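See structure below.
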Amino acid sequence: MHIARQRTHATARSVARMLQPASRPAAPRIIGTSAATATYSTRASPSLVPRAALRAAQPHLAGPSLRRGLATVARSDAFANLTSADVEAFAKILPSPSQILTTIAPESGSASYQPVDPSELDTFNNDWMNKYHGRSQLVLKPKTTSEVSEIMKYCHAKNIAVVPQGGNTGLVGGGVPVFDEVVVQLGGLNKIRSFDEVAGTLVCDAGCILESLDNHIGEKGYMMPLDLGAKGSCHIGGNVATNAGGLRFLRYGSLHGTVLGLEVVLPDGTVMDTLSTLRKDNTGFDLKQLFIGSEGTIGLITGVAIATPRRPSAVNVAVFALDSYDAVQTVFGQVKKHCGEILSAFEFFDQTSFDVVQKHATAGVRDPFEARHPFYVLIETSGSNKDHDDEKLQLLLEHLMEEGMIQDGVLAQDETQLQGLWALRESIPEAAGKMGKVFKYDLSMPIDKMYALVQDMRTRFDEHGVHGEGNDVGAVCGYGHIGDGNLHINIVAKSYDPKIESIIEPYIYEWTSNVKGSVSAEHGLGLMKATKIGYTKTPESIEYMKKIKNVFDPKGILNPYKYIQV
């Protein structure tokens, strides 16, 4: 790399050497002076795990659950019980027998469908963490918007409750039944309708997998504006329905800004087509915004139009080790100052998270540091001019080293190393899941308050005598997106024990509310937080949300018991 500015003192010379190409191309550039870091080489050890491999890995979680839906709410008598006649009616709507999975036996041998073993519905009745469990007897797999419309017309007429389901990667129980609701699985709506290579606008079905979309437009020099750990299995419709944030939020903002239009089937079967690719349309209410983040409670999203940014040609990733959370905040300010418009991610994770990854993550996630440090930050820059970006990063690193803001660090040299450094951050949820049962909390709050909550939770568990290796709570991991004030707390326990939950809740929500934060930054409300919205929203706001729900779904058949309990 060209060094734009040389200094005579030792720190500047050291940084300059660290930024120059290494003699072994496969080895990462070293920012600190750790001897162990200097020997961190893919020639001498297994390759770092690619991000794609981490996304594909799902922790196996078994055993008793904390709640089974009916422990929190009662089934509504307003909803009909399914009969074989209902299944016969759906069989007339869906042309292929493979589009219907049901345990309901037909009344006659001449039925147009065959029942299946109940185990075949397990995937649809249970969330991926094995925490929320439904008892649906019927899964429908439409392949077109018109089929979704006909299904909803019938369900509306018969008062049959429905749960829309995408990739079922949610963390708050929003995509699985609570009782016996019909599951409308939207994975069959998986066609890319169009892509404008000049405007960068993509129109696709809601069941398209996020990673597949990213790969498709990547061939044309574009990328999706959001990136999630579950991108290999989550659906774009579910992303929109939950207003998913993710790792690119800092650079590209929320889906409220990038979604241009939606096609939505309303609870009565009406198809609302706002599937415009216009970036500017100042005519009337922007109705699509109501469905972004509505979690399938007022309509089923079947089509999405979204603006996609150009894929950057120059990407750099570095991981720094720091000695305090104050240093994390200071470095964030310096990174914004020096990197400006090319900063695309700024993530932090604590030593506990780092240790859990090293002990439990997929084999090959390497530790690039000689010693442990209290905190780590990952920064990513994305631009179109490598020399320009490298110079900005060089000046940043010189400054951070000279001022003693960072203790150690590594900078990726190639794509494999880039993926490997990201793996240190992205594999935290997977590793925690392998360690035990995880109570996951997704919160937003002022950046200066974020880590105080993590410390308070550890103190709280200590006071109850349940915290520590071999105890009921083995680890409290704190990590998240500093750039948008999003804290993730993963509390790893031996089981989903109500005693542990009672220590966590409502304390964690009250704490967040007291600092004017949100009890859900990006995961949504689902079943887990359906009664918790009052910690963030005023009674007046909640009342108007209920009125909006009633306008679109007066019968309450769409994803009942969740989001905002009416």
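First residue of the sequence shown? That's 8 in the numbering used here, and the numbers climb one at a time after it.
All C-beta atoms, glycine included, are put in the ideal place defined by N, C-alpha and C.
Note that the coordinates shown come from a computational prediction; the quantities given were computed from them, not determined experimentally.
Comparing C-alpha positions only, which one of Ala-314, Asn-175 and Glu-95 sits nearest to Ala-112?
On the sequence shown, position 105 is the one that residue 112 refers to. Of the listed residues, the one whose Cα sits closest to Ala-112 is Glu-95.
- request: Grab the span of the beta strand (DSSP E) containing Phe-327 for me, first residue to last.
  value: For this step, residue 327 is matched to residue 320 along the sequence shown. Unbroken beta strand (DSSP E) run through Phe-327: 321 to 329.
| message | By alpha-carbon positions, which one of Lys-138, Pro-505, Phe-298 and Arg-200 ends up nearest to Gly-245? | response | Taking the first residue of the sequence shown as position 1, residue 245 is located at position 238. Of the candidates Lys-138, Pro-505, Phe-298 and Arg-200, the residue whose Cα lies closest to the Cα of Gly-245 is Phe-298.
Worksheet item: Do you know how far the Cα of Thr-369 is from the Cα of Pro-104?
Response: Position 97 of the sequence shown holds residue 104. Position 362 of the sequence shown holds residue 369. Whole-angstrom Cα-Cα distance: 39 Å.
Beta-carbon separation of Leu-209 and Phe-202 under 7 Å?
Position 202 of the sequence shown, counting from 1, holds the residue named residue 209. Position 195 of the sequence shown, counting from 1, holds the residue named residue 202. Contact flag set, yes.
* To do: Please name the residue, chosen from Ala-430, Asp-394 and Leu-193, that lies closest to Val-155 on a Cα-to-Cα basis.
  => Taking the first residue of the sequence shown as 1, we reach residue 155 at position 148. Per the Cα distances, Leu-193.
Worksheet item: My guess is that Gly-141 and Thr-249 are in contact by the Cβ rule of under 8 Å, so how many angstroms apart are they, rounded?
Response: Your numbering for residue 141 matches position 134 in the sequence shown. Your numbering for residue 249 matches position 242 in the sequence shown. Not quite, the Cβ-Cβ distance comes to about 18 Å (not below 8 Å), so this is no contact.
task = Spatial neighbours of Arg-467 within its chain, please: CB distance less than 7 Å, with the 5 preceding and 5 following residues excluded, ordered by chain position.
result = Walking along the sequence shown from the start, residue 467 turns up at place 460. If we look at Arg-467 and ignore the five residues flanking it on each side, its Cβ neighbours are Ile-510 and Tyr-514.
I'd like the ranges of any beta strand (DSSP E) spanning at least 3 consecutive residues and lying wholly in the stretch 386 to 466. Entirely contained in the stretch 386 to 466, the beta strand (DSSP E) runs reaching 3 residues are, in chain order, 415 to 418 and 444 to 451.
* Asked: How big is the Cα-Cα spacing for Thr-44 and Pro-375?
  -> Here the question's residue 44 lines up with position 37 in the sequence shown. Here the question's residue 375 lines up with position 368 in the sequence shown. The pLDDT assigned to Thr-44 is 31, lower than 50, so where the model puts this residue is not dependable; a value taken from the coordinates is nonetheless given after this. Rounded to the nearest angstrom, the two C-alpha atoms are 5 Å apart.
Excluding sequence positions up to five away, which residues of its chain have a Cβ less than 6 Å from the Cβ of Pro-66? For the purposes of this step, residue 66 is taken as the residue at position 59 of the sequence shown. Low per-residue confidence applies at Pro-66: pLDDT is 32, beneath 50, and the placement is therefore not dependable, though the value from the model is reported in the following sentence. Excluding positions up to five away in sequence, the list reads Glu-437, Gly-440 and Lys-441.
In whole angstroms, what separates the C-alpha of Gly-236 from that of Glu-433?
-> Position 229 of the sequence shown, counted from the first residue, corresponds to residue 236. Position 426 of the sequence shown, counted from the first residue, corresponds to residue 433. The straight-line gap from Cα to Cα measures roughly 6 Å.
What's the call for Leu-400, buried or exposed, on a 16-neighbour Cβ count within 10 Å?
Position 393 of the sequence shown holds residue 400. Leu-400 should be labelled buried.
Find the nearest neighbour of Gln-462 within the set Gly-490, Gly-487, Ile-435 and Ile-496, judged by alpha-carbon distance. The sequence position of residue 462 within the sequence shown is 455, counting from 1. With distances taken between Cα atoms, Gln-462 lies closest to Ile-496.
* **Local Cβ density within 10 Å of Leu-294, reported as buried at 16 or more and exposed below that** => Taking the first residue of the sequence shown as 1, we reach residue 294 at position 287. The residue is exposed, with fewer than 16 neighbouring Cβ atoms inside 10 Å.
Q) By how many angstroms is the C-alpha of Ala-430 removed from the C-alpha of Phe-559? A) To locate residue 559, count along the sequence shown from 1; it is residue 552. To locate residue 430, count along the sequence shown from 1; it is residue 423. Straight-line Cα distance between these residues: approximately 42 Å.
Q: Evaluate contact between the stretch 220 to 231 and the stretch 181 to 193, counting only Cβ atoms and requiring at least three cross-stretch pairs below 8 Å.
A: no
Margin query: Quick check on DSSP: helix, strand or coil for Thr-277?
Written below: Here residue 277 refers to the residue found at position 270 of the sequence shown. DSSP places Thr-277 in coil when its eight states are reduced to three.
Using the rule of at least 16 other Cβ atoms within 10 Å of the residue's Cβ for burial, across every protein chain shown, is Leu-285 buried or exposed?
-> Within the sequence shown, numbered from 1, the residue matching residue 285 stands at position 278. With fewer than 16 Cβ atoms within 10 Å of its Cβ, Leu-285 is classed as exposed.
Margin query: For Ile-107 and Thr-337, what's the separation of their Cα atoms in angstroms?
Written below: Within the sequence shown, numbered from 1, the residue matching residue 107 stands at position 100. Within the sequence shown, numbered from 1, the residue matching residue 337 stands at position 330. Roughly 55 Å between the two C-alpha positions.
- Does the distance from the C-beta atom of Val-191 to that of Leu-147 stay below 7 Å? On the sequence shown, residue 191 is found 184 positions in, with the first residue counted as 1. On the sequence shown, residue 147 is found 140 positions in, with the first residue counted as 1. In this structure, Leu-147 lies closer than 7 Å to Val-191 by Cβ.
ask   = Per DSSP, what kind of secondary structure is Ile-305 in: helix, strand or coil?
value = Taking the first residue of the sequence shown as 1, we reach residue 305 at position 298. Of the three classes helix, strand and coil, the one that applies to Ile-305 here is coil, per DSSP.
*asked:* Beta-carbon within less than 7 Å of Ser-30's beta-carbon, same chain only, minus the 5 sequence neighbours each way: which residues are those?
replied: Mapped onto the sequence shown, residue 30 falls at position 23. Confidence is the limiting factor: at Ser-30 the pLDDT is only 33, short of 50, which leaves the residue's position unreliable and the question unanswerable from this model.
Can you list, in chain order, the residues of its chain with a C-beta nearer than 7 Å to that of Asp-479? Leave out the 5 residues immediately preceding and following it.
Taking the first residue of the sequence shown as 1, we reach residue 479 at position 472. Taking Asp-479 as the centre and dropping the five residues before and after it, the same chain places the C-beta of Val-473, Ala-500, Lys-501, Asp-504 and Ile-507 closer than 7 Å to its C-beta, in chain order.
(request) Return helix, strand or coil for Glu-354, following the three-state DSSP convention. (result) Sequence index remark: in the sequence shown, residue 354 carries index 347 (1-based). Under the three-state reduction of DSSP output, Glu-354 falls in the strand class.
### Query
Three-state secondary structure (DSSP) at Gln-341?
Translated into the one-based positions of the sequence shown, residue 341 becomes position 334. In this structure, Gln-341 counts as helix in the three-state DSSP scheme.
Three or more C-beta pairs under 8 Å: does that hold for the stretch 340 to 357 against the stretch 255 to 263? With a cut-off of 8 Å, the stretch 255 to 263 and the stretch 340 to 357 count as touching, because enough Cβ pairs lie within range.
Would you say Leu-565 and Trp-518 are within 7 Å of each other, going by their C-beta atoms?
Start at 1 with the first residue of the sequence shown, and residue 565 comes out as number 558. Start at 1 with the first residue of the sequence shown, and residue 518 comes out as number 511. No; because the gap between Cβ atoms is not below 7 Å, this pair is not in contact.
Report task. May I ask which residues mark the beginning and end of the alpha helix (DSSP H) holding Cys-162? Result -> Counting from 1 along the sequence shown, the entry for residue 162 is found at position 155. Unbroken alpha helix (DSSP H) run through Cys-162: 152 to 165.
Handout entry: Close Cβ partners of Phe-339 (< 8 Å) along its chain, the five nearest in sequence each way excluded
Key = By one-based count along the sequence shown, residue 339 stands at place 332. Result list for Phe-339: Phe-353, Val-384, Ile-454, Ile-489 and Gly-490, in chain order.
Exercise for review: Reducing DSSP to helix, strand and coil, say where Gln-106 ends up.
Suggested key: Your numbering for residue 106 matches position 99 in the sequence shown. The answer is helix: DSSP assigns Gln-106 an H, G or I state.
Check: Per DSSP, what kind of secondary structure is Phe-202 in: helix, strand or coil?
Finding: In the sequence shown, residue 202 corresponds to position 195, counting from 1. Residue state, collapsed to three classes: strand.
Going by DSSP, name the residue or residues bridged to Pro-171. As a first step, residue 171 is located in the sequence shown; it is residue number 164 there, counting from the start. For Pro-171, which the question treats as bridged, DSSP gives the partners Val-191.
- Query: Would you report the Cα separation of Asp-280 and Glu-218, rounded to the nearest angstrom?
  - Reply: On the sequence shown, position 273 is the one that residue 280 refers to. On the sequence shown, position 211 is the one that residue 218 refers to. CA-to-CA, the gap between Asp-280 and Glu-218 works out to about 25 Å.
### Query
From Ser-548 to Leu-532, what distance separates their C-alpha atoms?
One-based indexing of the sequence shown puts residue 548 at position 541. One-based indexing of the sequence shown puts residue 532 at position 525. Approximately 15 Å, taken between the alpha carbons.
- Message: Is the separation between the beta-carbon of Ala-321 and that of Gly-390 shorter than 7 Å?
- Response: Sequence index remark: in the sequence shown, residue 321 carries index 314 (1-based). Sequence index remark: in the sequence shown, residue 390 carries index 383 (1-based). Yes.
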